[in-house]
Amino acid sequence: PRMLILFNILVVNNDGSLMSVALNACVLALLDAAVPMHYVPAAVTISTFSCTTADKTTSLILDPTQDEEMESTANSSFILHPPGVVGACSDEMCVISSESTGIVSMASYKMVMALAGEACLSIHGTMKKFMEAKYSDITV
């Protein structure tokens with residue numbers, strides 16, 4: 028059957044990474060309500076700071092604050108699903124959606140994507156621990 032679930036999110040305090048925080052909260056609510064899902068998406072935001080000095084270093088900040096987002100040269104948000112899910116991206120992390128603002132080099136963007144993949148694996152691990160702790164006392 029087809030189902031539509033609509034979330035109304037009230038932002039009480041925005042300290043940055045708003046889209047990622049909101050999506051991850053919605054996913055946890057769906058998991059808590061035992062809504063069946065084909066996979067569990069996770070969202071992450073990364074800010075890029077490119078140095079204009081001769082060494083051309085790039086700094087990345089995972090889960091930036093609102094001030095860091097404003098000062099950065101680029102911001103990228105990703106929604107990913109983990110590897111091992113049956114489908115087109117079954118062997119690797121698959122991008123469901125992404126949004127980027129600002130200017131970033133291709134080399135820096137590859138670094139951002141790698142960090143986003145690692146961060147989403149960590150988020151999935153945390154969500155898995157949450158679900159295991161919640162349902163550990165249930166016997167079938």
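Numbering (the numbering used here), first residue to last: 28 to 167.
Even glycine gets a Cβ: it sits at the ideal position worked out from N, Cα and C.
- The shortest CA-to-CA distance from Leu89 to any of Ala143, Phe157, Asn40, Ser132 is the one to Ala143.
- For secondary structure counted as the beta strand (DSSP E) over 3 or more consecutive residues, the region 91–151 holds these complete runs in sequence order: 101–108, 121–129.
- Pairing Thr92 with Thr75 gives a Cβ-Cβ distance that is not under 7 angstroms.
- For His108, the closest alpha carbon among the candidates Leu33, Val71, Asp164 is that of Val71.
- Burial is judged here by how many other beta carbons sit within 10 angstroms of a residue's own beta carbon; Asn41 has fewer than 16 and is exposed.
- The beta carbon of Val131 lies closer than 6 angstroms to those of Thr75, Ala101 in the same chain, with the five residues before and after it left out.
- With at least 16 other beta carbons inside 10 angstroms of its own, Phe105 counts as buried.
- Looking only at Met120, Met133, Phe34, the smallest Cα-Cα distance to Cys147 is reached by Met120.
- By the C-beta density criterion, Ile73 is buried, having at least 16 other C-beta atoms within 10 angstroms.
- Assignment of Leu89 by DSSP, reduced to helix, strand and coil, places it in the strand class.
- DSSP places Ser47 within a helical segment (H, G or I) once states are collapsed to three.
- In the structure shown, the three-state DSSP call for Thr75 is strand.
- Sequence-distant partners of Ser47 (beyond 5 residues in either direction) whose C-beta falls short of 7 angstroms from its own C-beta, in its chain, are Ala70, Val71, Thr72, Ser104.
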